[in-house]
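Reminder that position 161 of the sequence shown reads as 161 in UniProt numbering, one-by-one numbering, no gaps.
Quick reminder that beta carbons are idealized off the backbone N, C-alpha and C, glycines included.
Please read all numbers here as calculations on a predicted model, not as lab measurements.
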Amino acid sequence: MRVDNGQGLDARKQPQQARSQATVDAIFDATIQVLLADGLQRLTTIRVAERAGVSVGTLYQYFPQKQALLFAVLQRHLERVARTMEVAATSAHGASVSTMVKTVVGAFVKAKTEDLDEARALYAVAFELDSRSYVHAVGARNRVALEAMLKTASDADFADVGMTTFMLMGALLGPIRMLLEAKSPQSMMRKFHEQLESLCLGYLEREALPKRPVG
Numbered sequence: 001m002r003v004d005n006g007q008g009l010d011a012r013k014q015p016q017q018a019r020s021q022a023t024v025d026a027i028f029d030a031t032i033q034v035l036l037a038d039g040l041q042r043l044t045t046i047r048v049a050e051r052a053g054v055s056v057g058t059l060y061q062y063f064p065q066k067q068a069l070l071f072a073v074l075q076r077h078l079e080r081v082a083r084t085m086e087v088a089a090t091s092a093h094g095a096s097v098s099t100m101v102k103t104v105v106g107a108f109v110k111a112k113t114e115d116l117d118e119a120r121a122l123y124a125v126a127f128e129l130d131s132r133s134y135v136h137a138v139g140a141r142n143r144v145a146l147e148a149m150l151k152t153a154s155d156a157d158f159a160d161v162g163m164t165t166f167m168l169m170g171a172l173l174g175p176i177r178m179l180l181e182a183k184s185p186q187s188m189m190r191k192f193h194e195q196l197e198s199l200c201l202g203y204l205e206r207e208a209l210p211k212r213p214v215g
């Protein structure tokens with residue numbers, strides 16, 4: 001079922017009214033439920049429509065094929081994570097490096113692990129759809145937000161803030177990817193947030209230069 005970079009998977013139409021939005025939300029939630037209950041390979045539009053309490057025809061009004069539905073659900077998840085990161089990074093402008101790390105790591109971990117089963121199911125969807133172009137675009141948004149934040153650090157400058165941001169993104173994404181690919185014990189889950197914070201802060205402190213006086 002793999003397709004090239006998620007292209008050609010746009011929804012047939014976008015909900016314009018509250019009632020239509022509620023229908024689409026129900027379809028999205030049902031898709032997640034079917035993914036978790038039956039797995040990606042057994043998911044069908046018929047099963048999703050039945051779980052959502054809508055007709056298959058109604059589902060097809062918005063999503064012309066199974067892949068378009070899965071891509072839309074993946075988009076909803078990644079957009080939510082991207083917005084969370086943008087808000088968190090913006091809120092930390094002008095703070096110390098340690099506060100920045102605490103803020104963005106906390107927001108990122110919560111967004112990605114609040115419902116770990118759902119995140120794992122959508123990770124599999126992203127791989128199956130081969131939606132690399134879209135995932136890379138979302139990653140670029142996150143890098144822009146993090147770089148803008150680091151430039152305002154109250155207690156440090158960075159010689160190459162672009163490279164520093166790139167490596168910070170890698171430090172965030174690598175452990176999350178490993179977490180989603182493996183069934184980690186609950187004891188590891190409890191320590192994950194703290195350890196990821198230590199990883200990111202240790203790197204940034206290693207790269208930080210004394211803050212240059214303004215003017």
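| request: Could you pull the start and end residues of the alpha helix (DSSP H) that residue 114 belongs to? | output: Here residue 114 belongs to no alpha helix (DSSP H), and DSSP marks it neither H nor E.
| field | Cβ-based neighbour list, residue 166, same chain, cut-off 6 Å, excluding 5 preceding and 5 following | value | Result list for residue 166: empty, nothing under 6 Å.
| query | Is it right to say residue 8 is buried, meaning 16 or more other beta carbons lie within 10 angstroms of its own, or is it exposed? | reply | Any answer about residue 8 is weak, because its pLDDT of 47 lies below 50 and its placement is not dependable; what the coordinates show is given next. Residue 8 comes out exposed.
| query | Which partner residues of residue 208 appear in the DSSP bridge assignment? | reply | According to DSSP, residue 208 bridges with 158.
| said: I'd like to check one pair, residue 81 with residue 138: are the Cβ atoms closer than 9 Å? | reply: Contact annotation: residue 138 and residue 81 have beta-carbon atoms nearer than 9 Å.
| Hey, how far is the Cα of residue 136 from the Cα of residue 128? | If you take the alpha carbons of residue 136 and residue 128, they lie about 16 Å apart.
| For residue 130, which of helix, strand or coil comes out of DSSP? | Coil, per DSSP.
| field | Cutoff 7 Å; reference residue 142; Cβ partners in own chain excluding five residues on either side | value | The residues are 82, 85, 169.
| task | Note down the Cα distance separating residue 157 from residue 108, rounded to an integer number of angstroms. | result | Cα to Cα, residue 157 sits roughly 23 Å from residue 108.
| Unbroken alpha helix (DSSP H) runs of length 4 or more, entirely within the stretch 61-146: which are they? | Under the rule that a run must span 4 or more residues, the alpha helix (DSSP H) segments found entirely inside the stretch 61-146 read 66-91, 97-113, 116-129.
| Residue burial classification, residue 2 (beta-carbon count within 10 angstroms, cutoff 16) | Low confidence applies to residue 2: its pLDDT is 42, below 50, so where it sits in the model is not reliable, and the reading given next is rough at best. It is exposed - the Cβ of residue 2 has fewer than 16 other Cβ atoms within 10 Å.
| message | Less than 6 Å between C-beta atoms, sequence neighbours within five positions excluded: which residues of the same chain meet that for residue 212? | response | So the list reads 157, once near-sequence residues are dropped.
| What do you get for residue 151, buried or exposed, if any count of 16 or more other CB atoms within 10 angstroms of its CB means buried? | Residue 151 is exposed by the Cβ-count criterion.
| query | Between the stretch 26-34 and the stretch 42-55, do three or more beta carbon pairs fall short of 8 Å? | reply | Yes, since at least three Cβ pairs between the stretch 26-34 and the stretch 42-55 fall closer than 8 Å, the two stretches touch.
| Which whole-angstrom value describes the C-beta separation of residue 196 and residue 105, a residue pair presumed to lie in contact below a C-beta threshold of 8 Å? | Yes, they are in contact, since the Cβ atoms of residue 196 and residue 105 sit about 6 Å apart, within 8 Å.
| field | Three-state secondary structure assigned by DSSP to residue 195 | value | If DSSP states are grouped into helix, strand and coil, residue 195 belongs with the helices.
| Closest to residue 111 by CA distance: which of 90, 79, 99, 101 is it? | Just measuring C-alpha positions, the residue of 90, 79, 99, 101 sitting nearest residue 111 is 79.
| said: Here's a check: name, in chain order, each residue in its chain whose Cβ is nearer than 7 Å to the Cβ of residue 93, leaving out the five neighbours to either side. | reply: Close CB contacts of residue 93 within its chain, under the 7 Å cut and outside five residues either way in sequence, are with 149, 152 (chain order).
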